[in-house]
Structure formats: C-alpha cells, structure tokens
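Here the structure comes first, spelled out in structure tokens, and everything after it is commentary.
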Amino acid sequence: MAERRTAEPVALVRDAAVTFAGRQSLLDVIRLRPAPPIRAVDGVSFDVNAGEVLAMVGESGSGKTTTANLLLGLLSPSDGRVMLEGRDLGQLSRRELARMRRRVQMIFQDPYESLNPRMRVFDIVAEPLRVHRVAGSAAEVHTRVREALAEAGMTPVDAYLRRLPFELSGGQRQRVAIAAALALRPRLLVADEPVSMLDVSIRAEILNLLRALADDHGIAVVMITHDLSTVTAYADRIAVMYLGRIVEIGDARTVLDDPQHPYTRALRSVVPVPNPAARRAPQVLSGEMPDPSRIPRGCRFHPRCPLAFDRCLVVDPPLFTVSGEHQAACLLVPGADAGDESAAETETGAEGPGPAGQATP
Ligand SMILES: Nc1ncnc2c1ncn2[C@@H]1O[C@H](COP(=O)(O)OP(=O)(O)OP(=O)(O)O)[C@@H](O)[C@H]1O
Ligand SMILES: [Mg+2]
Numbered sequence: 104m105a106e107r108r109t110a111e112p113v114a115l116v117r118d119a120a121v122t123f124a125g126r127q128s129l130l131d132v133i134r135l136r137p138a139p140p141i142r143a144v145d146g147v148s149f150d151v152n153a154g155e156v157l158a159m160v161g162e163s164g165s166g167k168t169t170t171a172n173l174l175l176g177l178l179s180p181s182d183g184r185v186m187l188e189g190r191d192l193g194q195l196s197r198r199e200l201a202r203m204r205r206r207v208q209m210i211f212q213d214p215y216e217s218l219n220p221r222m223r224v225f226d227i228v229a230e231p232l233r234v235h236r237v238a239g240s241a242a243e244v245h246t247r248v249r250e251a252l253a254e255a256g257m258t259p260v261d262a263y264l265r266r267l268p269f270e271l272s273g274g275q276r277q278r279v280a281i282a283a284a285l286a287l288r289p290r291l292l293v294a295d296e297p298v299s300m301l302d303v304s305i306r307a308e309i310l311n312l313l314r315a316l317a318d319d320h321g322i323a324v325v326m327i328t329h330d331l332s333t334v335t336a337y338a339d340r341i342a343v344m345y346l347g348r349i350v351e352i353g354d355a356r357t358v359l360d361d362p363q364h365p366y367t368r369a370l371r372s373v374v375p376v377p378n379p380a381a382r383r384a385p386q387v388l389s390g391e392m393p394d395p396s397r398i399p400r401g402c403r404f405h406p407r408c409p410l411a412f413d414r415c416l417v418v419d420p421p422l423f424t425v426s427g428e429h430q431a432a433c434l435l436v437p438g439a440d441a442g443d444e445s446a447a448e449t450e451t452g453a454e455g456p457g458p459a460g461q462a463t464p
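In the working numbering, the protein residues as written are 104 to 464.
Structure, rendered in structure tokens:
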C-alpha cells in the first residue's frame, strides 16, 4: 500500500456541518413552530492524503454522500471548512472554484445511468475536457482520451473508442466512467459505492483499479461503501460514520481487527467471515438510527448502545486517540475518561441546536 504522503493533505475537512431545512410535521404546524433542521453532517473532521484510499462506511442516512458533496464543492458547509490542496473552498471566487472542481472527480454508483447511451466511448471521455476547456487541439484531446482509457484498463484502446455503452459490460462501463474522470487529471476521486451495482465477480477488479490509481498516480481516493468485508483489500484507512459524525477512524486493518466504538463492533459482527471458527456472534443493534433532525443528547449512539452508562446520556464524546492514528468517539476508549475534559456536556436536546465541533484531545 502506498506510503506516499506529502506534507499537505489533498483534502482537509474540519468540523464541517451541513444542515438542511426540515419539513414541518403536523405537530409543528399546530404548535406554530418551525421544523427542526436536518443535521446531515454534524461536525466531521478528516484528511485525505495523496496516494491514499480512505473508505467511508456507515448506515444509510449517516451522511456519507453529503460529506462527498462537500469534497466536490457541490455543497458548502454551514459550519467548519473544507480545504482542497491547501485552499479553503469557502474563500474561492467562482472562477477559482470551477477550476478546483476539475481536481476532484466523482465516480457514481450506477454505470448504466451515468453514461450517456447515445455517446461513443471516445466522446464520453472527451466531454469533460470540452466542458472544462482544458485540452486545446483535437490532437491533444485524442492523446488525453487514449491515455485515460489506458489508465482505466480499457485496452486495447482502439477496440473501444467507437463503441456505445450498450456494447459494454457493467465493469467496462464503470472503467469508462473512471476514464472520463481521469481525463481531467484529478488529485482526488470520490467514489460513491462504485461497485455495488456490478456483478460480484468483477467488483474486485474495479476496486483494484482505484487502488492502483492511488498507488501509481498519487491520486487520493475516498470510497464510500457498505461492504466491510473487502475494505482491507484496497483501503489504507477507514472512517465509520454514524448520524452525521465520524465515530471511528484509523488504519483499516486496525479498526476492523480491534474496533473501539460499539457501533463499529456491531457493523463488523455482521460481516461474513470465511473461517467458521473465527465467526463472530452477530451483535444486533436495537432500534434504528434516529432521524438527523432529532440527534440524541449526549453520545448520539447511546440509545442503541449495549454498553451505554450514565455519562453517555450527557457527554458528547469527541474522537479520542486509541493509538497512533486510530481514534474513536467513545467514553470507553482506554484513557478517555481521564482526558475527556473537552468532551462537552452538551445541551443537545431532541430538537435543540447541537455542537458542530469534534475535538481531538
Ligand atoms: N437535500 C436534502 N434535503 C434534506 N435532507 C437531506 C438532503 N440530502 C440528504 N438529506 C438527509 O441527510 C441525511 C444524510 O444523507 P446522505 O445522503 O448523506 O446519507 P448516506 O450516508 O449517503 O446514505 P446512503 O447510504 O443511503 O446513501 C439523511 O437523513 C438524508 O435524508
Ligand atoms: Mg449515499
């Protein structure tokens, strides 16, 4: 795995929050009160380095796609900041932001929907170059399209240039989508469940391709996934999201072999293990993840936590360092109790405003 780390992270997110306007319930209407805001991302901090693959996991609705949209500059944080290549997206002019957007490319989940069915492979990959007006001459466009397709593993390139999407397999379509992103020579790729629509047999190929792009070109990759069983095969680090926060982050193998947050343990316990002797008793989480307009007071996970104790009802735990880069937002992390002065006793009522920050002691 790549250890190519430059001093400055490609992307840096600090205490970022994204709030959407909520919809009034009937009770809200009767009581003449506004709808509680939806805190889709509620104090998220992380870095992504060049040549690194960061996997982002968490239940549906935990804020993964919203976080991705922050990285893409499609949403601006209502709190906190997002920096790409050392520049705060909130401080950029429109022109600078448009320029920066080339540096961050998205790979979507469904390659059957993301490619225009009437465009040939050549034009699909050339289109972003035209839209962003980056390649001058026709010859230059040609060169970059061919390079991008080769990097995405669509070889021999000539065999594919004139094909239409319906003539390609799902895996080939996703490679073309990746080539279209690569044509702009991005520093960061954000892939939102890029293989979940693909046949199981070809998923590893696409995941390995993204891994190779990080290794060979120093591209930073953020990979959103539901599939914990394959994460260690391609990701350097893993961030576990719950209800708008990162509750555990660290080296992928360390987090999965030695999870510190009860939520990570529960997620891991439902992952199929090939060796029956190592099978773990599934830890079924009670209840559902609450609505992000009603984030519980104290630790947001406490209503579902099998280990919750009295302090969890009032203390909103920041990320505590377990060892090295491994951090978890749980009062049961060894040493957390001693150093949890910064773990604010929150006023996060069911509908009150909550803390946006996520401190690292
Ligand atoms: N534009 C929006 N307006 C209102 N609420 C939104 C909007 N976008 C997202 N949300 C809400 O914010 C929360 C986080 O959504 P998000 O799409 O980031 O979750 P996710 O982790 O990507 O989930 P999934 O695994 O299902 O893709 C959800 O409760 C969602 O309903
Ligand atoms: Mg999503």
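Every residue, glycine too, gets a C-beta built ideally from N, C-alpha and C.
Here the structure is a predicted model, which is why all the values come from computation and not from measurement.
Check whether the stretch 144-151 and the stretch 261-270 are in contact - that is, three or more C-beta pairs closer than 8 Å. Here the stretch 144-151 does not lie against the stretch 261-270, with fewer than 3 beta-carbon pairs under 8 Å apart.
What first and last residue would you give for the beta strand (DSSP E) that runs through Ile349? Arg348 to Asp354
To test your reading of the DSSP string, which unbroken alpha helix (DSSP H) runs of 4 or more residues are found completely within the stretch 159-196? 167-174
Extent of the continuous beta strand (DSSP E) run through His429: His429 to Ala431
Would you mind listing the alpha helix (DSSP H) stretches within the stretch 318-346 that are 4+ residues and don't spill past its ends, in chain order? 334-337
At a threshold of 7 Å, does Ile227 count as lining ligand 1 (C-beta to nearest heavy atom)? no
From the DSSP output, read off the bridge partner residues of Leu291. Val207 and Ala323
Within this structure, are the beta carbons of Leu370 and Val156 separated by less than 8 Å? no
Just the C-alpha distance for Glu216 and Gly438, rounded to the nearest angstrom, thanks. 49 Å
Please report the distance separating the alpha-carbon of Ser372 from that of Gly274. 30 Å
Of the choices Asp394, Met326, Ala124 and Leu232, whose alpha-carbon is the least far from that of Ile210? Nearest option by C-alpha distance: Met326.
Determine whether the beta carbon atoms of Leu173 and Ala119 lie at a separation below 8 Å. yes
Can you give me the C-alpha to C-alpha distance between Phe225 and Arg206, rounded to a whole angstrom? One Cα belongs to Phe225, the other to Arg206, and the distance between them is close to 21 Å.
How long is the line joining the alpha carbons of Asp318 and Pro180, rounded to whole angstroms? Pairing Asp318 with Pro180, the inter-Cα distance amounts to about 30 Å.
Using 8 Å as the limit for Cβ to Cβ distance, is Ala355 near chain B? Among the protein chains of the structure shown there is no chain B, as only one such chain exists.
Taking one C-beta from the stretch 305-320 and one from the stretch 276-296 each time, how about it: are there three or more such pairs within less than 8 Å? With three or more CB-CB distances shorter than 8 Å, the stretch 305-320 counts as touching the stretch 276-296.
Leaving out five residues before and five after Cys402 in sequence, what residues of the same chain have Cβ atoms less than 6 Å from its Cβ? Answer for Cys402: Cys415 and Pro420, listed in chain order.
Between the alpha carbons of Pro393 and Ser332, how many angstroms are there, rounded? Between Pro393 and Ser332, the C-alpha separation is close to 25 Å.
Quick check on the burial criterion: 16 or more other C-beta atoms within 10 angstroms. Buried or exposed for Ala336? exposed
Does DSSP put Gly146 in a helix, a strand or coil? strand
Do you know whose CA, among Glu254, Asn152, Ala229 and Asn311, lies nearest His245's CA? Ala229
Thr246: first and last residue of the uninterrupted alpha helix (DSSP H) it sits in: It spans Ala241 to Glu254 - the alpha helix (DSSP H) in which Thr246 sits, taken as one unbroken run.
Which class does Arg266 belong to by DSSP, given the choice of helix, strand or coil? coil
For ligand 2, any of its heavy atoms closer than 7 Å to the Cβ of Asp295? yes
Assumed close pair Val74, Val350 - CB separation to whole angstroms, cut-off 8 Å: Because the chain here runs from 104 to 464, residue 74 falls outside it and cannot be looked at.
Since I believe Ser148 is in contact with Val116 (beta carbons under 8 Å), could you give me their beta-carbon distance rounded to a whole number of angstroms? 6 Å
Candidates Phe423, Ser389 and Pro399, of which the one nearest Cys408 by Cα: Taking Cys408 as reference, the option from Phe423, Ser389 and Pro399 with the minimal CA-CA separation is Ser389.
Which partner residues does Phe225 have in the DSSP bridge list? Looking at the DSSP assignment, Phe225 forms no beta bridge with any residue, so it has no partner.
Say the cut is 7 Å; is the CB of Phe404 nearer than that to a heavy atom of ligand 1? no
Under the assumption that Ala338 contacts Ala153 (Cβ atoms under 8 Å), give the Cβ distance between them as a whole number of angstroms. Wrong, their Cβ atoms sit about 15 Å apart, outside the cutoff.
Return the CA-CA distance between Arg236 and Glu162, expressed in angstroms with no decimal places. 38 Å
Is there at least one non-hydrogen atom of ligand 2 closer than 7 Å to the beta-carbon of Thr168? yes
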